[in-house]
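These notes are about the structure you will find just below.
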Amino acid sequence: MLDIVQLAVLNDNYIYLIHDPVSTQTAVIDPAITEPVLTTLEEKGWSLNYILNTHHHWDHIGANLELKKITQCKIVAANTDCSRIPGIDLLLSHGDKIKLGNEVATVLETPGHTLGHIIYHFANSHALFCGDTLFSMGCGRLFEGTAEQMWQSLQLIKQLPKQTHIYCAHEYTQTNGEFALTLEPNNPQLQQRIQQVKVLRSKQQSTIPSPLLQELQTNPFLRENSLEIQQSINMTNKTEIEIFSKIRQLKDAF
Ligand code: ZN
Ligand code: FE
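So the sequence shown is numbered by this note's numbering: it starts at 1281 and just counts up by one.
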């Protein structure tokens, strides 16, 4: 099982350090900034082997070159983003595996937020590092991809084991929950999750990771089949992609 350390940085970003205690290999997912990564490595006595990037936005790659220079780590990122992510050593495509000691991640391409977005599923540790594709009770904005691409990407996540923990890259949970409640005010699991999130956030604690099962029960972007959502937006006879697209538009304006 991976040791996972979550670092809250910038306004609402999360950087994750992951460590295989058997092999002592360590990676960092989406290092926005350098200093807290170095501090954590030092505290833990870990040395950095890899940077794993999910996509090219600055708040996910900002520390790539500096960390590589200091630690001589290798940078791993999507083949599609080879010209947009600095310092790449290893290019990945859909279905590729990346090993961190004894732990293996399967790479899934999830276009939508950006066209080159990828996510890392460490099945043995029940951990999904999904960048800005899925958030707790939300999903990434469509900066480059279409609603259909994002919907397809989310279907890949939906099919993972329900106990998978969703390690997303931002703490957007509370606002996402407020939006979700406008669509599904009578969903008891959503009400319960929002109460839990309020308590955590009032103490400045993280709401992440969230188990996939909880997302399936509360995240409107995974719940096009909810009759209450369909009725809230007057779309009872539309396709899942049409409903998803409408929910995304409503969230953009929320
Ligand atoms: Zn992003
Ligand atoms: Fe981001």
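Note that the Cβ used here is the ideal one computed from N, Cα and C, for glycine as well. Bear in mind that the values here come from a model prediction, so they are computed numbers and not experimental data.
Query: Under the three-state reduction of DSSP, which class applies to S1490: helix, strand or coil?; Result: strand
Query: Determine which residues share a DSSP beta bridge with Q1418 and list them.; Result: Reading off the sequence shown, one finds Gly at residue 1418, where the question assumed Gln. DSSP lists F1415 as partners of G1418.
Query: Any heavy atom of the ligand ZN within a distance shorter than 6 angstroms of the CB on H1374?; Result: no
Query: Do H1337 and R1364 count as a contact pair if the criterion is CB distance below 7 angstroms?; Result: no
Query: Measure the alpha-carbon distance for L1414 versus L1347 and round it to whole angstroms.; Result: 26 angstroms
Query: For A1357, count the other beta carbons within 10 Å of its own beta carbon; 16 or more makes it buried, fewer makes it exposed. Which is it?; Result: buried
Query: Helix, strand or coil, according to DSSP, for A1403 in the structure here?; Result: helix
Query: State yes or no: is the C-beta of D1532 nearer than 6 angstroms to some heavy atom of the ligand ZN?; Result: no
Query: Specify, as a first and last residue, the run of the alpha helix (DSSP H) that A1343 falls within.; Result: No alpha helix (DSSP H) contains A1343, which DSSP labels as neither H nor E.
Query: Hey, is D1369 close to the ligand FE, as in C-beta under 6 angstroms from one of its heavy atoms?; Result: no
Query: Do G1396 and A1449 have their C-beta atoms within less than 7 angstroms of each other?; Result: no
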